[in-house]
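Chemist: In order, the protein sequence lines correspond to chains A and B. All residue numbers in the first sequence are consecutive under my numbering, ending with 399. All residue numbers in the second sequence are consecutive under my numbering, ending with 399. Here a beta-carbon is modelled for each residue, glycine too, at the ideal position from N, C-alpha and C. I'd like to ask you about the structure that follows.
Number of protein chains: 2
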Amino acid sequence: MQPTIDVVALGNALVDVLSYEDDAFVNAVGIERGAMTMVDLERSDEIYAAMGPGTEISGGSAANTVAGVAGFGGRACFVGKVRDDQLGRVFRHDLRSIGVSFDTPAAADGLPTGRCLVVVTPDAQRTMSTYLGIAPDIRPEDVDAETITSAAVTYLEGYLWDRPEAKAAIVKASEIARGAGRRVAFTLSDPFCVDRHRDEFWDLVGTHVDILFANDVEVRALTEADDFDEALQAVRGRCDIAVLTRSEHGSVVVAGDEVHVVAAHPVEAVVDTTGAGDLYAAGFLYGVTHGHDLHTCARLGGAAAAEVIGHLGARPVTPLRAFAAEILGDGG
Amino acid sequence: MQPTIDVVALGNALVDVLSYEDDAFVNAVGIERGAMTMVDLERSDEIYAAMGPGTEISGGSAANTVAGVAGFGGRACFVGKVRDDQLGRVFRHDLRSIGVSFDTPAAADGLPTGRCLVVVTPDAQRTMSTYLGIAPDIRPEDVDAETITSAAVTYLEGYLWDRPEAKAAIVKASEIARGAGRRVAFTLSDPFCVDRHRDEFWDLVGTHVDILFANDVEVRALTEADDFDEALQAVRGRCDIAVLTRSEHGSVVVAGDEVHVVAAHPVEAVVDTTGAGDLYAAGFLYGVTHGHDLHTCARLGGAAAAEVIGHLGARPVTPLRAFAAEILGDGG
Numbered sequence: 068m069q070p071t072i073d074v075v076a077l078g079n080a081l082v083d084v085l086s087y088e089d090d091a092f093v094n095a096v097g098i099e100r101g102a103m104t105m106v107d108l109e110r111s112d113e114i115y116a117a118m119g120p121g122t123e124i125s126g127g128s129a130a131n132t133v134a135g136v137a138g139f140g141g142r143a144c145f146v147g148k149v150r151d152d153q154l155g156r157v158f159r160h161d162l163r164s165i166g167v168s169f170d171t172p173a174a175a176d177g178l179p180t181g182r183c184l185v186v187v188t189p190d191a192q193r194t195m196s197t198y199l200g201i202a203p204d205i206r207p208e209d210v211d212a213e214t215i216t217s218a219a220v221t222y223l224e225g226y227l228w229d230r231p232e233a234k235a236a237i238v239k240a241s242e243i244a245r246g247a248g249r250r251v252a253f254t255l256s257d258p259f260c261v262d263r264h265r266d267e268f269w270d271l272v273g274t275h276v277d278i279l280f281a282n283d284v285e286v287r288a289l290t291e292a293d294d295f296d297e298a299l300q301a302v303r304g305r306c307d308i309a310v311l312t313r314s315e316h317g318s319v320v321v322a323g324d325e326v327h328v329v330a331a332h333p334v335e336a337v338v339d340t341t342g343a344g345d346l347y348a349a350g351f352l353y354g355v356t357h358g359h360d361l362h363t364c365a366r367l368g369g370a371a372a373a374e375v376i377g378h379l380g381a382r383p384v385t386p387l388r389a390f391a392a393e394i395l396g397d398g399g
Numbered sequence: 068m069q070p071t072i073d074v075v076a077l078g079n080a081l082v083d084v085l086s087y088e089d090d091a092f093v094n095a096v097g098i099e100r101g102a103m104t105m106v107d108l109e110r111s112d113e114i115y116a117a118m119g120p121g122t123e124i125s126g127g128s129a130a131n132t133v134a135g136v137a138g139f140g141g142r143a144c145f146v147g148k149v150r151d152d153q154l155g156r157v158f159r160h161d162l163r164s165i166g167v168s169f170d171t172p173a174a175a176d177g178l179p180t181g182r183c184l185v186v187v188t189p190d191a192q193r194t195m196s197t198y199l200g201i202a203p204d205i206r207p208e209d210v211d212a213e214t215i216t217s218a219a220v221t222y223l224e225g226y227l228w229d230r231p232e233a234k235a236a237i238v239k240a241s242e243i244a245r246g247a248g249r250r251v252a253f254t255l256s257d258p259f260c261v262d263r264h265r266d267e268f269w270d271l272v273g274t275h276v277d278i279l280f281a282n283d284v285e286v287r288a289l290t291e292a293d294d295f296d297e298a299l300q301a302v303r304g305r306c307d308i309a310v311l312t313r314s315e316h317g318s319v320v321v322a323g324d325e326v327h328v329v330a331a332h333p334v335e336a337v338v339d340t341t342g343a344g345d346l347y348a349a350g351f352l353y354g355v356t357h358g359h360d361l362h363t364c365a366r367l368g369g370a371a372a373a374e375v376i377g378h379l380g381a382r383p384v385t386p387l388r389a390f391a392a393e394i395l396g397d398g399g
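Spelled out as structure tokens, the structure:
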């Protein structure tokens, strides 16, 4: 049976609250520069109180990725948890408005919709403090077998691995997908996330994952390698395709004997790097699900990443189809 | 007694939800291009459902103005009504984070915090659909005499005039201010607002207002004049200072025999005109409350307007002090 969805993603449903701050702010507030740190509500409120005026834009790593897939014209679906509150409605509206299906019911009680405080410094680096709220409350029963088997790729975010129920949901989704002959893609999400779950992630990648996404730091954390090339060799063959991103140095795609080293897409001015990895995955998966070769997939990923770092926020603001047309020729 | 506040403003507390759309969208949804239209919750939800992904940024006309005054380094205060909901907390955070005092208690029940759906078209024009929610529920008891008498200027927005209680609050604030020898500034807000209240606005301007802000269209609506110059002559002398803005044609300030015709501040690229008038008022009032001549006040207004139309959202994202330093010389 032909898939009717290109990519279904499971991830944390988060609204980003972005503000521009200087380096002194990062030091004064005591947040880890360039990283994503999980915080509780009290700490989230403390950081928010110190931040300047915010811009609220829907985010969440895997949600950004399916937003990007839809931006390319792909068929995308999201599974994640919001509360029936204002941020939850904002999150749902923003995904649906770009054509992403999102039907996981909002929780009627419990914690509020999660939010990620994103401090953007003058070098366009983002430092994130995430209060997850209800987001990781994804359970195996939220994973609908029909949706997963309808999707060419099921995309899972490492961030979800902290909670047993969400972990069980990931395993369930990946087993259904592979059982139906579909592919599973997994992102390591964050080096600290990898540190917390190194052995389990290594097992998961070897047993449940077809396409692995990681950046330079994450793949070295996973493999405990001293440099990028050592990490690349370690991960090679662990899954069908390993996609390793290296910011301005482009990306490397390894699939068995096939290796592609692809330059970064040119960017006029880097404004905010939030979402770069998420959008790279979007372009790559759009390519994979539309029958393109791995070099082309990497170029599509790079183009989508370039778009999203050119403005504030982690979701594309210009139609990604235009990038696809440029890279693929007029056929789109 | 010297004022301890430069500008206190009474206005609608609104969070803006902005999205980029094409002209076909404006026609299909049936909203009045370039205007601000009041809508009920049902219509607001209908337009929101049709809009693309949103960016939420605090707004509200008079609130934008005090945000701008604070951006120049002025002492500013806001009086307005939010609910104790997520949008209400966002609104309060954003004002306080830039140093604007905002102590009007949040309502514990009633309608939700108001929001303004802003559709930005490729020509950078904004079309606004406002669901006021709890915003206009400002009552005379929300106006604190001590705050008003502490402020050099009390700034009032015409939008509030639709509700009897809010109208009474405006009249109370202006009477306290003038009784204490302070100045009252008033913005006509919107041509449709002027149409609804022409006679009352004309009376108010003649009896309670020292500084009137209006754009070309609004001042012609107020005076029912055929052209700008006729409107200018009609409004001249009706209050101490009339400040008339004309988009890219700059502004005209009339104060008795004094008339200044000031060119617009150069802008690299106009992205979103939301907040241009609000920020013009901010620069002008910062100038007035810091002893600058009317020509300089108009230049400060123009500079602040230029900043805000260069990016998405109606609040400044760069420090306005830099503009002031440029215009005023190193003294700042």
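1. So which residues on chain B does residue 154 of chain A lean against when the C-beta distance must stay under 8 Å?
2. Any beta-carbon of chain B closer than 9 Å to the one on residue 197 of chain A?
3. Could you give the uninterrupted runs of the alpha helix (DSSP H) lying entirely in the region 279-307 of chain A, keeping only those of 4 residues or more?
4. Taking residue 374 of chain B as the reference, which of B/396, B/342, B/161 has the closest Cα?
5. With DSSP as the reference, label residue 399 of chain B as helix, strand or coil.
6. Do residue 174 of chain A and residue 149 of chain A have their C-beta atoms within less than 9 Å of each other?
7. If we count the other Cβ atoms within 10 Å of its Cβ and call it buried at 16 or more, is residue 262 of chain A buried or exposed?
8. Against chain A, does residue 161 of chain B count as a neighbour if the rule is that its beta carbon must be under 9 Å from one of theirs?
9. Would you check if there are 3 or more beta carbon pairs closer than 8 Å linking the region 201-211 of chain A to the region 357-364 of chain A?
10. Below 9 Å between beta carbons: does that hold for residue 136 of chain B and residue 349 of chain B?
11. Is there a C-beta anywhere in chain A that falls below 9 Å from the one on residue 119 of chain B?
12. Rounded to whole angstroms, what's the CA-CA distance from residue 89 of chain A to residue 189 of chain A? Just pull it up for me.
13. Hey, out of B/392, B/218, B/393, B/385, whose CA is closest to residue 120 of chain A's CA?
14. When DSSP builds the beta bridges, which residues end up paired with residue 318 of chain B?
15. Using a beta-carbon distance below 9 Å, is residue 179 of chain A in contact with chain B?
16. Between residue 99 of chain A and residue 254 of chain A, how many whole angstroms is the CB-CB distance? I'm expecting something under 8 Å.
17. By Cβ distance, which residues of its chain are closer than 6 Å to residue 398 of chain B, with the 5 residues on each side in sequence left out?
18. Chain B beta carbons: is any one of them nearer than 9 Å to that of residue 124 of chain A?
19. Roughly how many angstroms lie between the CA atoms of residue 84 of chain A and residue 224 of chain B, to the nearest whole one?
20. Grouping DSSP H, G and I as helix and E and B as strand, with all else coil, what is residue 90 of chain B?
21. What does residue 165 of chain A touch in chain B if you count any residue whose Cβ is under 8 Å from its own?
22. Taking only beta-carbon atoms, is residue 86 of chain A less than 9 Å away from chain B?
23. Name the chain B residues that come within less than 7 Å of residue 261 of chain A, Cβ to Cβ?
24. Please state whether DSSP places residue 379 of chain A in a helix, a strand or coil.
25. At a cut of 8 Å, does the region 274-282 of chain A reach the region 242-251 of chain A through at least three beta carbon pairs?
26. From which residue to which residue does the alpha helix (DSSP H) around residue 132 of chain B run?
27. Residue 244 of chain A and residue 281 of chain A: beta carbons closer than 9 Å?
28. Would residue 309 of chain A count as contacting chain B if we go by Cβ distances under 9 Å?
29. So, with DSSP's three-state summary, where would you put residue 341 of chain B?
30. Identify the contact partners of residue 193 of chain A in chain B, using a Cβ-Cβ distance below 7 Å as the criterion.
31. Given a cut-off of 9 Å on the beta-carbon distance, is the pair residue 347 of chain B and residue 310 of chain B in contact?
32. Of all the options A/97, A/180, A/192, which has the alpha carbon lying nearest to the alpha carbon of residue 379 of chain A?
33. Expressed to the nearest angstrom, what Euclidean distance is found between the alpha-carbon atoms of residue 325 of chain A and residue 74 of chain A?
34. If you measure from the beta carbon of residue 399 of chain A to each beta carbon in chain B, is any gap under 9 Å?
35. Report the option in A/266, A/340, A/335 whose CA atom is closest to the CA atom of residue 128 of chain A.
36. What number of angstroms, rounded off, separates the C-alpha of residue 265 of chain A from the C-alpha of residue 316 of chain A?
Modeler: According to the structure data:
1. 153
2. no
3. Counting only runs of 4 or more, we get 283-290, 295-302.
4. B/342
5. The predicted model places residue 399 of chain B with a pLDDT of 43, which falls under 50 and marks its position as unreliable; any figure quoted below should be read in that light. It is coil, neither helix nor strand.
6. yes
7. exposed
8. yes
9. no
10. yes
11. yes
12. Residue 89 of chain A and residue 189 of chain A: Cα-Cα distance of roughly 6 Å.
13. B/385
14. B/312, B/329
15. yes
16. 20 Å between Cβ atoms; not a contact.
17. Residue placement at residue 398 of chain B cannot be trusted, given a pLDDT of 47 that sits under 50; what the coordinates show is reported in the next sentence. Around residue 398 of chain B: no qualifying Cβ.
18. yes
19. 29 Å
20. In the three-state reduction of the DSSP assignment, residue 90 of chain B falls in the helix class.
21. 119, 120
22. yes
23. Going along chain B, no residue has its Cβ under 7 Å from residue 261 of chain A, so there is no contact; the nearest lies around 30 Å.
24. coil
25. yes
26. That run of the alpha helix (DSSP H) goes 128-138.
27. no
28. no
29. Coil, per DSSP.
30. Residues of chain B whose Cβ lies closer than 7 Å to the Cβ of residue 193 of chain A do not exist; the shortest such Cβ separation is about 16 Å.
31. yes
32. A/192
33. 24 Å
34. Reliability fails at residue 399 of chain A, whose pLDDT of 42 lies under 50, so the model's placement of it is uncertain and no value is given.
35. For the residues A/266, A/340, A/335, the minimum Cα distance to residue 128 of chain A belongs to A/340.
36. 25 Å
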